[in-house]
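Okay, structure first, notes after.
The structure is reproduced here in structure tokens:
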């Protein structure tokens with residue numbers, strides 16, 4: 010057996026048979042060119058080399074028995090496979106690594122012609138502790154009766170630990186009549202402590218029948234369950250690139266499920282992957298140098314009832330035991346009581362503030378870290394966008410943490426997921442996540458137009474100036490007017506200086522838009538002057554200051570006719586001697 014990843018994919022039971030796959034002359038020309046090369050073909054190794062051997066064996070059997078079904082061909086190949094001698098293995102391996110054994114096409118032909126055939130595997134199923142039985146039918150294709158010895162192996166974990174005798178056969182031997190059939194049964198008793206995947210085999214004389222069982226762990230509300238296991242990525246000729254799977258039967262009524270890991274080897278490099286009943290990855294955690302932390306979401310609020318899968322995988326060198334804990338009691342140390350995004354409808358140029366109210370239930374200070382993963386909601390679900398984080402000391406009782414985020418992202422609806430961690434002296438413990446939603450609006454824009462809706466940069470006496478805006482705060486009141494320039498940072502906005510003599514109050518719609526609003530009808534007899542004027546939108550309400558303040562609306566800047574100006578939005582106009590009012594370029598400080 011070669012030192013490749015020959016066990017079932019990601020430590021799942023899935024190997025049927027073994028076949029030559031190391032140092033095989035392939036169909037790939039030397040040099041990688043996909044055409045015939047006179048210098049020869051590449052020597053390659055792996056399942057892509059072993060598979061053609063098995064396919065060729067099946068083709069030979071179908072040629073000899075053209076009426077045979079695919080199941081019968083598979084049965085013949087498995088029943089006739091031979092155990093790999095110990096000297097060819099290097100160390101003891103189970104059916105997890107080589108299945109029923111090495112393919113022997115001659116023996117498969119003889120089994121179909123005049124040999125013995127029996128069910129080729131027993132997958133007991135996804136079960137809990139208890140007793141399970143199966144009856145096997147042995148068919149004799151020969152002309153004489155045959156007596157066969159029956160025996161059962163011990164059961165083994167997927168990392169090779171001997172778990173002892175779980176199986177017993179109804180008889181130690183069976184006689185099968187010529188061209189006839191006989192039966193025997195095997196009973197398996199799964200002990201109460203079992204969890205995860207176990208493998209073994211049944212011997213019918215020289216025939217090996219692989220056996221596997223996936224012992225499901227029932228997860229109930231308000232419980233703490235710990236699964237103990239071993240994972241080995243060391244290059245020991247047997248378990249290379251190791252992974253162990255568990256099935257969790259998550260019951261109804263659970264509001265919080267935390268999955269945490271504690272490995273015995275502080276320098277192990279492990280991944281923990283959590284799959285929901287639909288097979289979707291909902292969380293990935295990493296253990297490294299004695300720390301457990303997760304980027305994406307272990308555990309889950311209100312987990313869907315059904316079979317969840319947990320994978321513990323050693324993705325670089327490791328040799329370690331571990332405890333995998335599933336906690337459905339909720340945190341008894343920290344509680345996130347509120348998680349909000351402010352404002353909940355934000356412009357691309359705003360700064361978004363996440364606020365987390367956290368109660369420390371302990372009588373001492375706890376240092377905690379908060380991770381916020383941000384996803385954009387799409388028609389297909391959601392798509393990861395970004396993350397932000399914060400940390401701090403939480404005193405006993407109520408605490409508030411805040412984190413800022415720049416929402417300069419694609420406009421649309423978003424959801425943010427909060428995970429809070431604290432160190433309990435053994436490992437980082439995660440508090441159940443909470444979510445909040447918010448919306449990003451398109452960039453703000455202010456336009457100036459005439460009474461016909463034509464966007465203009467110059468106005469003649471007698472014309473009317475209208476202002477429209479897009480991407481402001483939704484359902485928000487603004488005052489809009491014209492005031493002589495300059496408007497200076499921090500200066501009071503003097504409404505009395507409006508040449509029109511009035512200030513319009515407008516309210517934005519759900520998208521933060523202002524419909525065209527008349528701000529000044531220029532008198533037909535206006536005297537040409539070089540005085541400058543600014544068109545201003547001033548946010549009203551609790552956030553409005555009535556001052557020229559770059560933070561007045563929370564928007565950093567807008568662009569209009571090449572002007573970059575903080576909110577309140579300022580557009581400068583100029584009365585020139587030619588008798589027109591023209592926009593003049595200004596540059597205001599960006600916040």
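Numbering (our numbering), first residue to last: 10 to 600. Each residue gets a CB set at the ideal place from its N, CA and C atoms; glycine is no exception.
#1: Look at the alpha carbon of residue 444 and the alpha carbon of residue 366, and state the distance between them as a whole number of angstroms.
#2: With a threshold of 16 other CB atoms inside 10 Å of the CB of residue 122, please say whether the residue is buried or exposed.
#3: Alpha carbon to alpha carbon, how far is residue 136 from residue 172?
#4: Does the beta-carbon distance from residue 307 to residue 281 come in below 8 Å?
#5: Looking at the unbroken alpha helix (DSSP H) that takes in residue 80, where does it start and where does it end?
#6: Return the residue from the list 213, 62, 55, 119 that minimises the CA-CA distance to residue 73.
#7: Looking at residue 476: is its Cβ nearer than 8 Å to the Cβ of residue 526?
#8: Determine the extent of the beta strand (DSSP E) in which residue 164 is found, giving its start and end residues.
#9: Using the rule of at least 16 other Cβ atoms within 10 Å of the residue's Cβ for burial, across every protein chain shown, is residue 129 buried or exposed?
#10: Could you tell me whether the stretch 468–486 touches the stretch 513–527, where touching means 3 or more Cβ pairs closer than 8 Å?
#11: What are the partner residues of residue 316, as DSSP defines its beta bridges?
#12: Using CA coordinates, which residue listed in 378, 414, 407, 408 is at the minimum distance from residue 394?
#13: Can the beta-carbon of residue 319 be found closer than 8 Å to that of residue 283?
#14: Taking the alpha-carbon of residue 32 as reference, which of 57, 25, 26, 359 has the nearest alpha-carbon?
#15: For residue 333, does the count of other Cβ atoms within 10 angstroms reach 16, so buried, or fall short, so exposed?
#16: What are the complete alpha helix (DSSP H) segments, minimum 4 residues, inside the stretch 93–152?
#17: So which of 203, 202, 196, 200 has the shortest CA-CA distance to residue 210?
#18: Could you say which of 70, 208, 409, 127 lies nearest to residue 346 if we only look at CA atoms?
#19: Buried or exposed for residue 217, going by 16 or more other Cβ atoms inside 10 Å?
#20: With a CB to CB cut of under 6 Å and the five nearest residues on each side skipped, what residues in its chain are close to residue 446?
#21: Please classify residue 392 as buried or exposed, where buried requires at least 16 other C-beta atoms within 10 Å of its C-beta.
#22: Which of the three DSSP states is assigned to residue 280 in this structure?
#23: According to the Cβ coordinates, are residue 157 and residue 214 closer than 8 Å?
#24: Applying the criterion that 16 or more other CB atoms from any shown protein chain within 10 Å of the CB defines a buried residue, is residue 66 buried or exposed?
#25: If I measure Cβ to Cβ from residue 150 and keep anything under 8 Å in the same chain, skipping five residues before and after, which residues do I get?
#26: Quick one: Cα of residue 193 to Cα of residue 78, how far?
#27: Do you know offhand how far residue 310's Cα is from residue 384's?
#28: How far does the alpha helix (DSSP H) with residue 72 in it reach, from first residue to last?
#29: First and last residue of the beta strand (DSSP E) that includes residue 351?
#30: Exposed or buried, what is residue 52 when buried is set at 16 or more other beta-carbons lying within 10 Å of its beta-carbon?
#31: Just the C-alpha distance for residue 545 and residue 355, rounded to the nearest angstrom, thanks.
#32: Among residues of its own chain, excluding the 5 on either side of residue 8, which ones have a beta-carbon nearer than 8 Å to its beta-carbon?
#33: When the Cα atoms are used, what is the spatial distance from residue 206 to residue 178?
#34: For residue 39, does the three-state DSSP call read helix, strand or coil?
#35: So, with DSSP's three-state summary, where would you put residue 201?
#36: Do residue 448 and residue 422 come within 8 Å of each other at the CB atom, strictly closer than that value?
Here's the rundown:
#1: Counting from 1 along the chain shown, the entry for residue 444 is found at position 435. Counting from 1 along the chain shown, the entry for residue 366 is found at position 357. Cα to Cα, the separation comes out at about 13 Å.
#2: Working through the chain shown from its first residue, we reach residue 122 at position 113. Exposed.
#3: The residue you call residue 136 lines up with position 127 of the chain shown. The residue you call residue 172 lines up with position 163 of the chain shown. Each residue's alpha carbon lies about 17 Å from the other.
#4: In the chain shown, residue 307 corresponds to position 298, counting from 1. In the chain shown, residue 281 corresponds to position 272, counting from 1. Yes, they are a contact pair.
#5: Working through the chain shown from its first residue, we reach residue 80 at position 71. Here the alpha helix (DSSP H) through residue 80 covers 79–89.
#6: Here residue 73 corresponds to residue number 64 of the chain shown, with the count starting at 1. Among 213, 62, 55, 119, the Cα nearest to that of residue 73 belongs to 119.
#7: In the chain shown, residue 476 corresponds to position 467, counting from 1. In the chain shown, residue 526 corresponds to position 517, counting from 1. For residue 476 and residue 526, yes; Cβs fall inside 8 Å.
#8: Here residue 164 is taken as the residue at index 155 of the chain shown, counted from 1. No beta strand (DSSP E) contains residue 164, which DSSP labels as neither H nor E.
#9: Mapped onto the chain shown, residue 129 falls at position 120. The residue in question, residue 129, is buried, as its Cβ has 16 or more Cβ neighbours within 10 Å.
#10: Three or more beta-carbon pairs drawn from the stretch 468–486 and the stretch 513–527 are found closer than 8 Å, and the two stretches are therefore classed as touching.
#11: For the purposes of this step, residue 316 is taken as residue 307 along the chain shown, with counting starting at 1. Beta-bridge pairing by DSSP links residue 316 to 258.
#12: Here residue 394 is taken as the residue at index 385 of the chain shown, counted from 1. Closest option to residue 394, Cα to Cα, is 414.
#13: As a first step, residue 319 must be located in the chain shown, where it is residue number 310. As a first step, residue 283 must be located in the chain shown, where it is residue number 274. Against a cut-off of 8 Å, the Cβ pair of residue 283 and residue 319 comes out as a contact.
#14: The residue given as residue 32 occupies position 23 in the chain shown. Its Cα nearest to that of residue 32, the residue 57 stands out among 57, 25, 26, 359.
#15: Residue 333 sits at position 324 when you count from the first residue of the chain shown. Its Cβ being crowded by 16 or more others within 10 Å, residue 333 is buried.
#16: Within the stretch 93–152, the complete alpha helix (DSSP H) runs of at least 4 residues are 95–98, 104–107, 114–123.
#17: What you label residue 210 is simply residue 201 of the chain shown in a count that begins at 1. Looking at the Cα atoms, 196 is the closest of the given residues.
#18: Residue 346 sits at position 337 when you count from the first residue of the chain shown. Checked all of 70, 208, 409, 127; the closest Cα to residue 346 is 409.
#19: Counted from its first residue, the chain shown places residue 217 at position 208. Flag for residue 217 reads buried.
#20: If you number the chain shown from 1, residue 446 lands on position 437. Here the set comprises 424.
#21: The sequence position of residue 392 within the chain shown is 383, counting from 1. By the neighbour-count criterion, in which 16 or more other beta carbons inside 10 Å mark a residue as buried, residue 392 falls on the exposed side.
#22: As a position in the chain shown, residue 280 is number 271, starting the count at 1. Strand, per DSSP.
#23: Residue numbering aside, residue 157 sits at position 148 when the chain shown is read from its first letter. Residue numbering aside, residue 214 sits at position 205 when the chain shown is read from its first letter. At the C-beta level, residue 157 and residue 214 come within 8 Å of one another.
#24: Within the chain shown, numbered from 1, the residue matching residue 66 stands at position 57. So residue 66 counts as buried.
#25: Taking the chain shown and counting its residues from 1, the one referred to as residue 150 is at position 141. Once the five neighbours on either side are set aside, the close Cβ partners of residue 150 are 120, 121, 122, 123, 124, 125, 126, 188.
#26: Looking up residue 193 in the chain shown gives position 184. Looking up residue 78 in the chain shown gives position 69. Between residue 193 and residue 78, the C-alpha separation is close to 24 Å.
#27: Mapped onto the chain shown, residue 310 falls at position 301. Mapped onto the chain shown, residue 384 falls at position 375. One C-alpha to the other measures close to 17 Å.
#28: Here the question's residue 72 lines up with position 63 in the chain shown. Start and end: 56–73.
#29: Residue 351 sits at position 342 when you count from the first residue of the chain shown. Per DSSP, the unbroken beta strand (DSSP E) holding residue 351 starts and ends at 343–351.
#30: Taking the chain shown and counting its residues from 1, the one referred to as residue 52 is at position 43. Exposure of residue 52 is indicated by the presence of fewer than 16 other C-beta atoms within 10 angstroms of its C-beta.
#31: Your numbering for residue 545 matches position 536 in the chain shown. Your numbering for residue 355 matches position 346 in the chain shown. CA-CA distance, residue 545 to residue 355, rounds to 21 Å.
#32: Nothing about residue 8 can be read from this structure; the chain reaches only from 10 to 600.
#33: Here residue 206 corresponds to residue number 197 of the chain shown, with the count starting at 1. Here residue 178 corresponds to residue number 169 of the chain shown, with the count starting at 1. Roughly 21 Å between the two C-alpha positions.
#34: Taking the first residue of the chain shown as 1, we reach residue 39 at position 30. Per DSSP, reduced to three states, the secondary structure at residue 39 is helical.
#35: As a working mapping, residue 201 is identified with position 192 in the chain shown. It is coil, neither helix nor strand.
#36: The sequence position of residue 422 within the chain shown is 413, counting from 1. The sequence position of residue 448 within the chain shown is 439, counting from 1. The Cβ atoms of residue 422 and residue 448 lie closer than 8 Å to each other.
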